[in-house]
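Going line by line, the protein sequences match chains W and Z. Taking the numbering used here, the leading residue of the first sequence gets 849, the next gets one more, and so forth. Taking the numbering used here, the leading residue of the second sequence gets 849, the next gets one more, and so forth.
2 protein chains.
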Amino acid sequence: MPEGTAAMTPRTAPDALIAELKDLLGERLSTAAAVREQHGRDESFHPVAPPDAVAFAQSTEEVAAIVKACARVGVPVVAFGTGTSLEGHVAAIHGGICIDVSGMNRIVAVRPEDMDVTVQAGVTRKQLNEHLRDTGLFFPIDPGADASLGGMAATRASGTNAVRYGTMRENVLALTVVLADGRIIRTARRARKSAAGYDLTRLFVGSEGTLGVITEVTLKLYGIPEAILSAVCPFPGVAEAVNTVIQTIQTGVPIARIEFLDDNQIRAVNNFSKTSYAEVPTLFFEFHGSDAGVAEQVEMVQAIAAEHGGTDFQWARSTEDRERLWHARHNAYYAGLSMKPGGKGFSSDVCVPISRLAECIVETKKDLEASDLFTAVVGHVGDGNFHVLFVFDPDNPAEIAEAKRLNARVVDRALAMDGTCTGEHGVGLGKMQYLEAEHGRDALDVMAAVKRALDPANIMNPGKVVGV
Amino acid sequence: MPEGTAAMTPRTAPDALIAELKDLLGERLSTAAAVREQHGRDESFHPVAPPDAVAFAQSTEEVAAIVKACARVGVPVVAFGTGTSLEGHVAAIHGGICIDVSGMNRIVAVRPEDMDVTVQAGVTRKQLNEHLRDTGLFFPIDPGADASLGGMAATRASGTNAVRYGTMRENVLALTVVLADGRIIRTARRARKSAAGYDLTRLFVGSEGTLGVITEVTLKLYGIPEAILSAVCPFPGVAEAVNTVIQTIQTGVPIARIEFLDDNQIRAVNNFSKTSYAEVPTLFFEFHGSDAGVAEQVEMVQAIAAEHGGTDFQWARSTEDRERLWHARHNAYYAGLSMKPGGKGFSSDVCVPISRLAECIVETKKDLEASDLFTAVVGHVGDGNFHVLFVFDPDNPAEIAEAKRLNARVVDRALAMDGTCTGEHGVGLGKMQYLEAEHGRDALDVMAAVKRALDPANIMNPGKVVGV
Chain W
849 MPEGTAAMTP
859 RTAPDALIAE
869 LKDLLGERLS
879 TAAAVREQHG
889 RDESFHPVAP
899 PDAVAFAQST
909 EEVAAIVKAC
919 ARVGVPVVAF
929 GTGTSLEGHV
939 AAIHGGICID
949 VSGMNRIVAV
959 RPEDMDVTVQ
969 AGVTRKQLNE
979 HLRDTGLFFP
989 IDPGADASLG
999 GMAATRASGT
1009 NAVRYGTMRE
1019 NVLALTVVLA
1029 DGRIIRTARR
1039 ARKSAAGYDL
1049 TRLFVGSEGT
1059 LGVITEVTLK
1069 LYGIPEAILS
1079 AVCPFPGVAE
1089 AVNTVIQTIQ
1099 TGVPIARIEF
1109 LDDNQIRAVN
1119 NFSKTSYAEV
1129 PTLFFEFHGS
1139 DAGVAEQVEM
1149 VQAIAAEHGG
1159 TDFQWARSTE
1169 DRERLWHARH
1179 NAYYAGLSMK
1189 PGGKGFSSDV
1199 CVPISRLAEC
1209 IVETKKDLEA
1219 SDLFTAVVGH
1229 VGDGNFHVLF
1239 VFDPDNPAEI
1249 AEAKRLNARV
1259 VDRALAMDGT
1269 CTGEHGVGLG
1279 KMQYLEAEHG
1289 RDALDVMAAV
1299 KRALDPANIM
1309 NPGKVVGV
Chain Z
849 MPEGTAAMTP
859 RTAPDALIAE
869 LKDLLGERLS
879 TAAAVREQHG
889 RDESFHPVAP
899 PDAVAFAQST
909 EEVAAIVKAC
919 ARVGVPVVAF
929 GTGTSLEGHV
939 AAIHGGICID
949 VSGMNRIVAV
959 RPEDMDVTVQ
969 AGVTRKQLNE
979 HLRDTGLFFP
989 IDPGADASLG
999 GMAATRASGT
1009 NAVRYGTMRE
1019 NVLALTVVLA
1029 DGRIIRTARR
1039 ARKSAAGYDL
1049 TRLFVGSEGT
1059 LGVITEVTLK
1069 LYGIPEAILS
1079 AVCPFPGVAE
1089 AVNTVIQTIQ
1099 TGVPIARIEF
1109 LDDNQIRAVN
1119 NFSKTSYAEV
1129 PTLFFEFHGS
1139 DAGVAEQVEM
1149 VQAIAAEHGG
1159 TDFQWARSTE
1169 DRERLWHARH
1179 NAYYAGLSMK
1189 PGGKGFSSDV
1199 CVPISRLAEC
1209 IVETKKDLEA
1219 SDLFTAVVGH
1229 VGDGNFHVLF
1239 VFDPDNPAEI
1249 AEAKRLNARV
1259 VDRALAMDGT
1269 CTGEHGVGLG
1279 KMQYLEAEHG
1289 RDALDVMAAV
1299 KRALDPANIM
1309 NPGKVVGV
């Protein structure tokens, strides 16, 4: 499925650069094949493209020194957090140096009174929430994987909680970034709002390492709600489930999570997580608020669901029950893969205006049902975002072609509805082919102009997001 | 108070350009002195700098044609909405053509089912909310002035509701923009979230016309709350009032508005709006939610206020009573000016992390009380944002110098607290001098690189935001 890799020339790191980085980092610079291989892949189907070496950085200053050394000889730099991206973001398709920031896992400052935190880029979301446990605060963005917060900022990640708390776009207050020439900037102060010049924070959020390397992230935090309640409810059909979501959002219920899983996905979840949900289109919910507020939300959502034939709510109130429920949901991708031993998966990620969501999913399901491929639909439907997981035999060209055909139809359908080809996974290698249809040539030219302005030698994760 | 205007060379529009635009626009191209004068000023103290001509555009395509004509001869373009900016944003300090978009006042599409709307840039926020009246939806961002939505996007405006609903940064879904060479782009689709490339929407929001001219804006809308309740409460001192705000925010109360007015500001309001509030530090509140939700919020805020000596709540429930209350608040600027006949005003706009807010305002009040100048403090304190209005005799250099001295101290204090020099007014001419202290030279270089990449001939509102 990888695209756009044809005409690229690897720019191999010269021995002198490797030696210079070895001097700087000692044992923390690795050229071992296994280490390079592990850093040349993410969780997607895109083929491995190992870097020439992996530099395990421990500070912003070290990242700056590595980038400076690479810039001097025009060698690419690819940042690496946990390798959980889904579009080949970390593949070193031009060769070069991978900067692994997983060792930059220090929580720099927690400021409960300002409800914000500054972390090094390698801190993962679970590590952060574990650290926050006694403060009464939490960081809500949850893409499923225990990704690094630097990586989540770089890909503009979101996930199940975004319908209430927003995405990384809304929750990053400031970044420390190493530029393509090794200079270090901070993109903003900690004030909650500012009109002091161009929004550099939002420029780097979602830039996927192509404009600079994110080394520190300052994030908004939220008070842990007084009451949290989760639920699962089966529906008679796809349209009934999705229309329940649409009406919930339009009514303004401040729901924290509202997730759709189709019949195939539920079957896969039951198989993988040993659950016994009815194998029909299903919604997973979570309500956050005061006791009274949650009760009010529940009452509204139950009434809406009942209008659409959804009456059999299963509730999860205790932390353990809620965790079990969301664990099953979070493993949906692996559950899908488990349905075809030896199969590989890839996932669409379209997002449409909510009024078009039912139509978009229903039409897509018709396509999928007419295919022999195993597919599963799961989605952050409160935002209009859903994924189709395609599971195929990587050695069977006909299955690969079928997955590509179905995926292209999902993307075309979403774009025709004024939607986007990627709600949260990012562009990487896999979505570059759709950006012109989504944004138009002239808007892509603006992106390319920004890329050239900030990275004139094209060394920052080259060949991703936007061609130059 | 204007800064940075010294070394600028006006690039006067040649007669041939004026003739070309006259051909294009007929009567809608004006070179009348009064029209030019009116378009060379905003509501600030910055001196008038009239453009060479004013083009009254009626469509995106017309704006594109005007920009193309200007680009061919390297003449500056300054976009103009309602002229209610506060930092000299529209002053044509290099000469050139002003594009007045106030005639682009068409509401292009209201989509209640998606809770969004697309408007031409000249639509004002009051016009939009009037139009939405029967839909049950509203657009919350309220900077006081009845500004154009294009201008609000261009300056990253916010105001009294931002504490709950965010600023223009969070509420613009997509923009149509005319680039510096006259090409037209749309920055994003209408999906609520997207990870499809660089965030062009956020790049243009807050760029103050220096990267392109915004011609259409797609905005999020919100359901009008079931219950709205406003209140005014006096406090024994500045610290008590501000600490009530801090605790309210830290408790996570989803308050819609929480505004601070100091004793001088209340005195000015009483004088100007014929109200009779106690002339002490005061908070103005607004609560949005369900009936039960508002009751719960009120209970929590009353308890917090009582701990800080704020017990005398005056409630406003009916639309008329609430409008009277907020009308008084919105006229705070004019009320302040009324305290010194013939006086001119300018306003600081710092924003700090909320934990530092009480200290910042208390220290600032000490400075102000030691001065003979009339000053008033008013703020969107839920965000950490407040304004000091300095009122002075424009013919008295000592008073001007004193205002500048006090203002510089407020900015320095905010920056030392990891705050910003401008929370919502934008940079324009007046704040350029503070950007290096706020962002550092290297981050400013990134802004300048972006500016040069998108506007290589420096014709888009030149001399504002960032020097190139």
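A virtual CB, placed ideally from N, CA and C, is assigned to each residue, including glycine.
Simplified DSSP assignment, three categories, for residue i
i                      : result
residue 1070 (chain W) : strand
residue 864 (chain W)  : helix
residue 855 (chain W)  : In this prediction, residue 855 (chain W) scores a pLDDT of 42, lower than 50, which makes its location untrustworthy; the coordinate-derived value is nonetheless stated afterwards. Coil.
residue 948 (chain W)  : strand
residue 963 (chain Z)  : coil
residue 1321 (chain W) : Residue 1321 (chain W) is absent from the model: chain W starts at 849 and stops at 1316.
residue 1097 (chain W) : helix
residue 850 (chain Z)  : The pLDDT assigned to residue 850 (chain Z) is 39, lower than 50, so where the model puts this residue is not dependable; a value taken from the coordinates is nonetheless given after this. In this structure, residue 850 (chain Z) counts as coil in the three-state DSSP scheme.
residue 1234 (chain Z) : strand
residue 1227 (chain W) : strand
residue 1076 (chain Z) : strand
residue 1269 (chain Z) : coil
residue 1203 (chain W) : helix
residue 879 (chain Z)  : coil
residue 1052 (chain Z) : helix
Assigned exposure category for residue i - 16 Cβ within 10 Å defines buried
i                      : result
residue 1122 (chain W) : exposed
residue 867 (chain Z)  : exposed
residue 854 (chain W)  : With a pLDDT of 38 at residue 854 (chain W), under the threshold of 50, the modelled position of that residue is not reliable, and the figure given next carries that caveat. That one is exposed.
residue 1159 (chain W) : exposed
residue 990 (chain Z)  : buried
residue 1210 (chain Z) : exposed
residue 988 (chain Z)  : buried
residue 1289 (chain Z) : exposed
residue 1218 (chain W) : exposed
residue 871 (chain Z)  : exposed
residue 1196 (chain W) : buried
residue 874 (chain W)  : exposed
Residue from the options with nearest C-alpha to residue i
i                      : options                        : result
residue 1299 (chain W) : W:1090, W:927, W:1112, W:1058  : W:1058
residue 982 (chain Z)  : Z:1072, Z:920, Z:907, Z:914    : Z:1072
residue 1087 (chain Z) : Z:1194, Z:1050, Z:1130, Z:1280 : Z:1130
residue 1226 (chain Z) : Z:1275, Z:1176, Z:1294, Z:1257 : Z:1176
residue 1101 (chain W) : W:1124, W:1265, W:1150         : W:1150
residue 1019 (chain Z) : Z:1074, Z:965, Z:873, Z:872    : Z:965
residue 813 (chain Z)  : Z:992, Z:1017, Z:1029, Z:1022  : No statement about residue 813 (chain Z) is possible, as the shown extent of chain Z runs from 849 to 1316 and does not include it.
residue 976 (chain Z)  : Z:1276, Z:954, Z:904           : Z:954
residue 1284 (chain Z) : Z:910, Z:1036, Z:1119, Z:1269  : Z:1269
residue 950 (chain W)  : W:932, W:1017, W:1111, W:960   : W:932
residue 1297 (chain Z) : W:1293, W:1294, W:1302         : W:1302
residue 1000 (chain Z) : Z:1183, Z:1279, Z:1272         : Z:1272
residue 1192 (chain Z) : Z:1239, Z:919, Z:1282, Z:872   : Z:1239
residue 936 (chain Z)  : Z:1221, Z:1097, Z:1237, Z:1194 : Z:1194
Under 9 Å by beta carbon: chain A residues contacting residue i
i                      : result
residue 1283 (chain W) : Absent here is chain A; the protein component of the structure consists of chains W and Z.
Exercise. Please confirm if the stretch 954-971 of chain W is in contact with the stretch 990-998 of chain W, defined as three or more CB-CB distances below 8 Å between the two stretches.
Key: The stretch 954-971 of chain W is in contact with the stretch 990-998 of chain W.
Quiz item: Is the stretch 1158-1172 of chain Z touching the stretch 1190-1200 of chain Z, taking contact as three or more C-beta pairs under 8 Å?
Solution: The stretch 1158-1172 of chain Z, when compared against the stretch 1190-1200 of chain Z, does not touch it at the 8 Å Cβ threshold.
Practice problem: Indicate whether the contact test is met: 3 or more Cβ pairs, each with one atom in the stretch 999-1018 of chain W and one in the stretch 1227-1234 of chain W, closer than 8 Å. | Solution: yes
Self-check item: Residues within the stretch 945-963 of chain W neighbouring chain Z, beta-carbon criterion of under 9 Å
Solution: 959, 960, 961, 962, 963
Exercise. May I ask you to list, following chain order, the residues of the stretch 1218-1235 of chain Z that have a beta carbon less than 8 Å from some beta carbon of chain W?
Key: Hits within the stretch, in order: 1231, 1232, 1233.
Quiz item: Relative to chain W, which residues along the stretch 1173-1191 of chain Z have a C-beta separation below 8 Å, given in chain order?
Solution: none
Quiz item: Is there contact here, the stretch 1137-1144 of chain W with the stretch 1239-1246 of chain W, by at least three beta-carbon pairs under 8 Å?
Solution: no
Practice problem: Report yes or no: do the stretch 881-894 of chain Z and the stretch 1080-1099 of chain W share at least 3 C-beta pairs separated by less than 8 Å? | Solution: no
Quiz item: Using a beta-carbon distance cut-off of less than 7 Å, what residues from the stretch 1247-1266 of chain Z approach chain W?
Solution: 1266
Quiz item: Within the chosen definition, does the stretch 897-912 of chain W reach the stretch 938-956 of chain W through at least 3 CB pairs nearer than 8 Å?
Solution: yes
Exercise. Pull out every residue of the stretch 1068-1085 of chain W whose Cβ sits closer than 7 Å to any Cβ of chain Z, in chain order.
Key: 1071
Self-check item: Within 7 Å of chain W by C-beta, residues of the stretch 1095-1112 of chain Z in sequence order
Solution: Cβ contacts with chain W come from 1098, 1100.
Quiz item: Looking at C-beta atoms only, is the number of pairs between the stretch 1043-1055 of chain W and the stretch 1042-1054 of chain Z that lie closer than 8 Å three or more?
Solution: yes
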